[in-house]
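Chemist:
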Amino acid sequence: MQHALIKLSNHTSIYRGFSVIKLPRKACQPITRYHVRQGDQSYGKFDAQAQATGYIDQLYSMKAQRN
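Residue numbers for the sequence shown follow the UniProt record's numbering, beginning at 1 and rising by one.
(1) Output the distance between the C-alpha atoms of R27 and L59, rounded to the nearest integer angstrom.
(2) Would you give the residue range spanned by the alpha helix (DSSP H) that G54 belongs to?
(3) Given a cut-off of 7 Å, decide if V20 and A50 are closer than it, judged by their beta-carbon atoms.
(4) From S13 to K63, what distance separates their C-alpha atoms?
(5) Find out if the Cβ-Cβ distance for the pair R33, L23 is shorter than 7 Å.
(6) Suppose you measure from the CA of Q65 to the CA of L8; what does that come to, to the nearest Å?
Listed below in structure tokens is the structure:
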């Protein structure tokens with residue numbers, strides 16, 4: 001099943017109930033990174049949006065295996 005990445009603003013998208021926040025490039029961090037959050041929980045930073053959404057998919061598959 002395909003899930004949509006819903007764009008809320010220039011820097012924030014929602015994917016399966018998680019916020020995927022685009023972090024801007026800086027001199028010390030020359031690549032765009034993506035921060036995954038849900039509420040107050042942080043799930044890490046990723047080098048590509050596909051990695052961030054893939055990680056969220058992994059969390060859902062782990063949850064499904066436990067049930």
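Just so you know, even glycine gets a beta-carbon here, dropped at the ideal spot from N, CA and C.
Modeler: According to the data block:
(1) One-based indexing of the sequence shown puts residue 27 at position 27. One-based indexing of the sequence shown puts residue 59 at position 59. The question names Arg, yet the displayed sequence has Ala at residue 27. So the alpha carbons of these two residues sit roughly 32 Å apart.
(2) The sequence position of residue 54 within the sequence shown is 54, counting from 1. Per DSSP, G54 belongs to the alpha helix (DSSP H) from 49-66.
(3) Position 50 of the sequence shown, counted from the first residue, corresponds to residue 50. Position 20 of the sequence shown, counted from the first residue, corresponds to residue 20. No, the Cβ-Cβ distance between A50 and V20 is not below 7 Å.
(4) For this step, residue 13 is matched to residue 13 along the sequence shown. For this step, residue 63 is matched to residue 63 along the sequence shown. Between S13 and K63, the C-alpha separation is close to 22 Å.
(5) Your numbering for residue 33 matches position 33 in the sequence shown. Your numbering for residue 23 matches position 23 in the sequence shown. Going by C-beta atoms, R33 is nearer than 7 Å to L23.
(6) Position 65 of the sequence shown holds residue 65. Position 8 of the sequence shown holds residue 8. Answer to the nearest angstrom: the Cα atoms are 31 Å apart.
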